[in-house]
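If you want the working numbering, it's the 1-based position in the sequence shown plus 149.
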Amino acid sequence: MNHIGTIRLKTDRLILRRFTINDAEEMFNNWASDDEVTKYLTWPTHQNIETTQGYINYCIHGYSESAFYQWVIESKETHELIGNISVVQINEEIDGLELGWVIGKKYWGNGYTAEAAKEVIEVLFDKVGANCICAKHDVNNPNSGRVMQKTGMKYEGILRQSGRNNQGIADMAHYSIIRAER
């Protein structure tokens, strides 16, 4: 793959960009501190803004790497930060990438996550040269699966007890899209 790092992207309603340290308060307030939002995530709810600042500093440091993909999702209309989307795993042997995302509860049900994911998928296929892009979700969180379907990913099946999140060990539903299916 030809890694290009986290480049600025735009959709009809969204800007996907790199985090800055000034984003900490909005990230903390809009999604990272909400137990309902982080219920099925692999990272714990942020208990204080210092945790959020630490995460953003990790991202800022990571941006120096060409194989680091971590976008904050910003509304074009309101300039509010509504979530983030990232490549959570890279498999160079098969030109494969796994996506993960989170969006604030206030923004659920508006199609923002699918819109952001579609744009990221296009860039990963067209500019990075990915062959397969996948995502997975806890079977108890079907809304995440609907986002995967909206991006064109196909349901692959359930791997029992194959993941861990804030609920413990979980059965995970797997989805993917390959370059030839686009």
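All residues carry an ideal CB built from backbone N, CA and C; glycine is no exception. Note that this is a predicted model, so its numbers are computed, not measured.
Can you pull the DSSP bridge partners for residue i?
i: Asp183; result: Asp183 is not bridged to any residue.
i: Ala319; result: Gly312
i: Ser144; result: Because residue 144 is not part of the residues shown, which for the chain are 150 to 331, the question remains open.
i: Ser224; result: Leu163
i: Leu246; result: Ile239 and Ile282
i: Leu158; result: Leu165
Can you name the start and end residues of the alpha helix (DSSP H) that residue i belongs to?
i: Val296; result: Pro291 to Lys299
i: Gly253; result: No alpha helix (DSSP H) contains Gly253, which DSSP labels as neither H nor E.
i: Gln106; result: No answer is possible for residue 106: the residues shown for the chain start at 150 and end at 331.
i: Glu175; result: Ala173 to Met176
i: Thr262; result: Tyr261 to Val272
Would residue i and residue j qualify as a contact pair, given that the criterion is a beta-carbon distance under 9 angstroms?
i: Gly253; j: Gly232; result: yes
i: Val288; j: Ala329; result: no
i: Ile307; j: Val269; result: no
i: Ala266; j: Leu248; result: yes
i: Thr155; j: Gln219; result: yes
Thinking C-alpha only, which one of the options is nearest residue i?
i: Leu158; options: Gly245, Lys276 and Met321; result: Lys276
i: Lys258; options: Tyr189, Glu241, Pro291 and Ile282; result: For the sequence presented, residue 258 should be read as Gly rather than Lys. Nearest of Tyr189, Glu241, Pro291 and Ile282 to Gly258, Cα basis: Pro291.
i: Tyr333; options: Gln196, Gly294, Gln298 and Arg167; result: It is not possible to answer for residue 333, since the shown part of the chain is limited to 150 through 331.
i: Leu246; options: Val269, Ala279 and Val221; result: Ala279
i: His323; options: Leu230, Glu264, Gly312 and Ser224; result: Gly312
i: Phe217; options: Thr201, Asp161, Asn289 and Ile239; result: Ile239
i: Gln196; options: Asn151, Leu230, Asp183 and Gly317; result: Asp183
i: Tyr256; options: Val221, Trp180, Thr191 and Asp161; result: Trp180
i: Gly260; options: Tyr204, Leu163 and Ala173; result: Leu163
i: Ile205; options: Ile170, Pro193 and Glu174; result: Ile170
i: Leu151; options: Lys225, Leu165, Lys299 and Val272; result: Inspection of the sequence shows that residue 151 is occupied by Asn rather than by Leu. Of Lys225, Leu165, Lys299 and Val272, the residue nearest in Cα terms is Val272.
i: Gln298; options: Arg309, Ala284 and His228; result: Ala284
i: Leu190; options: Glu223, Trp250 and Lys225; result: Trp250
i: Glu305; options: Asn178, Met321 and Leu165; result: Met321
i: Glu175; options: Ile282, Trp192 and Ser224; result: Ser224
i: Glu241; options: Ile282, Thr227, Glu226 and Gly203; result: Ile282
i: Leu165; options: Arg331, His228, Ile243 and Val186; result: His228
Note the first and the last residue of the continuous beta strand (DSSP E) segment covering residue i.
i: Asn233; result: Leu230 to Asn240
i: Ala284; result: Cys281 to Asp287
Kindly give me the distance between the Cβ atoms of residue i and residue j, rounded to whole angstroms, as I take these residues to be in contact under 8 angstroms.
i: Ile326; j: Gly301; result: 5 angstroms
i: Leu230; j: Val221; result: 6 angstroms
i: Ala173; j: Thr194; result: No, Ala173 and Thr194 are not in contact; Cβ-Cβ is about 15 angstroms, not under 8 angstroms.
i: Ile153; j: Ser213; result: No, Ile153 and Ser213 are not in contact; Cβ-Cβ is about 13 angstroms, not under 8 angstroms.
i: Gln310; j: Lys188; result: Gln310 to Lys188, Cβ: 18 angstroms. No contact.
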